[in-house]
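Protein chains in written order, with the UniProt record's numbering: chain Y, 1 to 497; chain L, 1 to 494.
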């Protein structure tokens, strides 16, 4: 930017900005490696950065993600008002602190934590379910270590049991906090954790078994009750007292409203902690999650830091320190704005739109449906016939219509399965669902058409169903690309949720 | 809220909201323990929550904090526009991802990381220095463990050497990641890490020595160069190869602009990683920090997760996953908006205003000054005479004038020293400095008057040692109890 300004000065031109696009500033690119020497007028800085960001995907059309992409304008007002509040400064911002405490209490009671009237719940506001899960895992690890130490037994090889379909943050927790991750592999047709296999993998070093309410791959709810019952039996025999954590990142804000009789939460005796993402079906923008413990006894005191403000003790247990107060306030806003009824109606709308989408996509005849009718409102589907094009082609071509609907491979044990996933969030109306179906159909037609044209160029004109795919040179090339993508995408890290 | 709505319906009245304060919704308190059954109209939800929040302190007048409390409206626009972008979704928001990478590159070069032209720096955007420090600590721990395993030596007792003045996140790191924290105690008059003592404490299990550029207590820069030189000598003797991490949470964005010749960063050979807070003198709202490593070798590959997007490998190393993209974009906005020149002028203004405040407070004659002229632009000061009132009284009374200027006790072993700390941030003008000074003077006058106008039986008519004064004893015991309750480093909010 310096040279543009210097030039302007030398030529005797004004260097104040009348119109951004008439100025000298748009003649040079934004710097990438070095902080520029000089200042840039604020209108220019805003406009040029804003413009480059136009090339990001449109969050509203990002069907890959569970994370909230729309909130009411009233919330935008609240967020701006709170943007310069550093949440951790509880002394100075006691109301913001209290709003967080109210959210913890409300979430805990929603999850049926056994708390008496008026008693504060045990929990924390986090940046997201990753932080929440790390805190929960840390609590399990420390509790288990203390127990083993008091029993005079070795405590250097903790492990935890999960399904292979867990989100990457579990792998991070295991790697960073030195816990062995034991994963129950999936299999074709069964894409979540098998409770029996899970319980078999448990031993005396298991700090907890983690079940998911709403697998990121296909939205399915794992059978936490069965897990609980089997583990209770095993605990009775072994005396190991292995507990359960439920990753309710998506499902935790769905199940209480549309399937309240499903027993998956603190109603099950072995469930000691649960995390939920405020920024998924908690209906707040990215940057807030919650972890709740059943009781004080489930959170070792030595992990808690005590902040003393206004003469009262405020215990804190977080990995992050300074952070904005806006999202915590936003969560409280949503709880008041929607109430139980409002959340229920939103979830019902999501479910109905997801079922509508499911039926419509099923009716095209091109796809297998991999998601269940119950669970997180999403549609996971894969092509019946991959000879001419695959899910990655479908995803690439849907982009041309504006949709972001990526393709993934399933987790280990079933990584030969590729699928497309469309998450139905609060802001996905029936109108958009109709558009999506129409564009999926158009995409398939286009791809078939394209395949037919290229087949006729490269292969002898024989009925398609009599030619093994392997004999088709172009098909081999495509298969090679597909496997390459499969290999590149095999890292669970790509499973953004 | 439910009963208010039912009431309205049964009275045959409309239950939509004409005026919030004429409606039934303001007759009941907001719920605290249980989610309400019914919805609330959005104007009401906004207004009632907004109103309760009026009772929070005013961030602009919060002189305790280093964290940015003002940004230009243009940045607010960018922040709002990016609210619904989940940063971690690199596939879908590649520009936001690239803006973060640009920030990492710019910061690394600001800190003199030895990177060639066009080469990418090794670093990460974080929520704040806490996450940054945990990532850096994790890297040191894993590197040390790998080295010990390769040597066939025990690797179960890692420790880290710091000053007792470290921010609480170091204690958290130590506690959560099972590393022993060895703290060099302070002493009266010396409120930062003593490099000689620190290097003394190092042994074969030390994963790193952490120095601070800008102690939260009094803003002082620790002598990183001396730590480096002493540690190099020791490393040469022992072969332990102990590295250094610099916590530049506040100082990291000040020193490059005000003290460019001060050697504290990657120019020192033993410095392997540095954290800086984007939300302190990086001039962005709370929620962004940065960690940079000297080179790839300093970050064990096994800690990195690889995300594959658009066919390109994007390595990531973070504790948090989903989070908003706004603050990372805001950091880039500041780098472009201000440039090096702009940052320098902001820091110079802060320094001048801090020095002005220092001279003026000192001139009142009531206070000892505990901060240095160099360092983070702040004023740390304590009362010369505590017999009638203490720093907590001053803080309490300054609140009545609108200022949030809390009192603290120093870290061990200087916890008998209490102090007031006023941080000069970007948005603290000379006008505000004048006001603060006037109010400090008024507060002292008020407290002196209040101390004198007491029932005569509580105040002896002849001079007596402070210990024999009942009211003084009462006050002293109150002060000690506050000291005890505030001793937890956790209260040192920065």
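Ideal Cβ positions, reconstructed from N, Cα and C, are used throughout, including at glycine. On a predicted model such as this, the values are computed, not experimentally measured, just so you know.
query                                                                                                                               : result
Residue 193/Y, DSSP secondary structure in three states                                                                             : coil
heavy atom of the ligand GTP below 7 Å from residue 185/L C-beta                                                                    : With respect to the ligand GTP, the structure offers nothing, as it holds no ligand at all.
Proximal residues of chain Y, C-beta to C-beta of residue 34/L below 7 Å                                                            : 106 and 109
Rounded straight-line distance, which links the Cα of residue 214/L to that of residue 226/L                                        : 16 Å
Sequence-distant residues of its chain with Cβ nearer than 6 Å to residue 350/L (five each side left out)                           : 377 and 424
Minimum Cβ-Cβ distance from residue 96/Y to chain L less than 8 Å                                                                   : yes
Residues bridged to residue 62/L (per DSSP)                                                                                         : 404/L
Any C-beta of chain A under 8 Å from that of residue 148/L                                                                          : Absent here is chain A; the protein component of the structure consists of chains Y and L.
Endpoints, beta strand (DSSP E) assigned at residue 211/L                                                                           : 206-212
Closer than 8 Å to chain Y by CB, residue 460/L                                                                                     : The predicted model places residue 460/L with a pLDDT of 46, which falls under 50 and marks its position as unreliable; any figure quoted below should be read in that light. It does not: the Cβ of residue 460/L has no partner Cβ on chain Y nearer than 8 Å.
Beta-carbon contacts of residue 243/Y that lie in its chain and below 7 Å, excluding the five residues immediately before and after : 140, 208, 270 and 272
Identity of the residue in 366/Y, 116/Y, 319/Y and 397/Y nearest residue 502/Y by Cα                                                : Outside the displayed span of chain Y (1 to 497) sits residue 502/Y, for which this structure offers no information.
Close Cβ partners of residue 52/L (< 8 Å) along its chain, the five nearest in sequence each way excluded                           : 30
Between the CA atoms of residue 195/L and residue 37/Y - distance to the nearest angstrom                                           : 35 Å
Interface partners of residue 74/Y on chain L, CB under 8 Å                                                                         : 42, 43, 45 and 46
Span separating the alpha-carbon of residue 54/Y from that of residue 352/L                                                         : 40 Å
Buried or exposed (CB count within 10 angstroms, at least 16 for buried), residue 146/L                                             : exposed
CB-CB length for residue 177/L against residue 138/L, believed under 8 Å                                                            : 7 Å
Per-residue DSSP class, three states only, for residue 97/Y                                                                         : helix
Residue 510/Y, DSSP secondary structure in three states                                                                             : Outside the modelled stretch of chain Y, which goes from 1 to 497, sits residue 510/Y, for which no answer is possible.
Through-space distance from residue 326/L to residue 329/Y, alpha-carbon basis                                                      : 17 Å
Residue burial classification, residue 412/Y (beta-carbon count within 10 angstroms, cutoff 16)                                     : exposed
One or two residues paired with residue 290/Y in a DSSP bridge                                                                      : 125/Y and 276/Y
Separation of residue 180/L from residue 197/L, as counted between CA atoms                                                         : 17 Å
Nearest to residue 506/Y (by Cα), restricted to the options 305/Y, 426/Y, 370/Y and 438/Y                                           : A question about residue 506/Y goes unanswered here, because the residues of chain Y that appear run from 1 up to 497.
Three CB pairs or more closer than 8 Å across the segment 88-98 of chain Y and the segment 275-291 of chain Y                       : no
Those residues which DSSP pairs with residue 290/L across a bridge                                                                  : 125/L and 276/L
Interface flag, residue 38/Y vs chain L, CB-CB below 8 Å                                                                            : yes
Beta-ladder partner(s) of residue 408/Y, from DSSP                                                                                  : 419/Y
Under the three-state DSSP convention, the category residue 254/L falls into                                                        : coil
Buried/exposed call for residue 395/Y, threshold 16 Cβ in 10 Å                                                                      : buried
Chain L contact for residue 55/Y (CB, 8 Å cutoff)                                                                                   : yes
Nearest-angstrom Cα separation, counted from residue 333/Y out to residue 49/L                                                      : 7 Å
Below-8 Å beta-carbon distance, residue 169/L vs any chain Y residue                                                                : yes
Contacting positions in the segment 128-157 of chain L - beta carbon closer than 8 Å to chain Y                                     : 128, 129, 130, 131, 134, 138 and 156
Residue 375/L, buried or exposed, once every other Cβ within 10 Å from all chains shown has been counted against 16                 : buried
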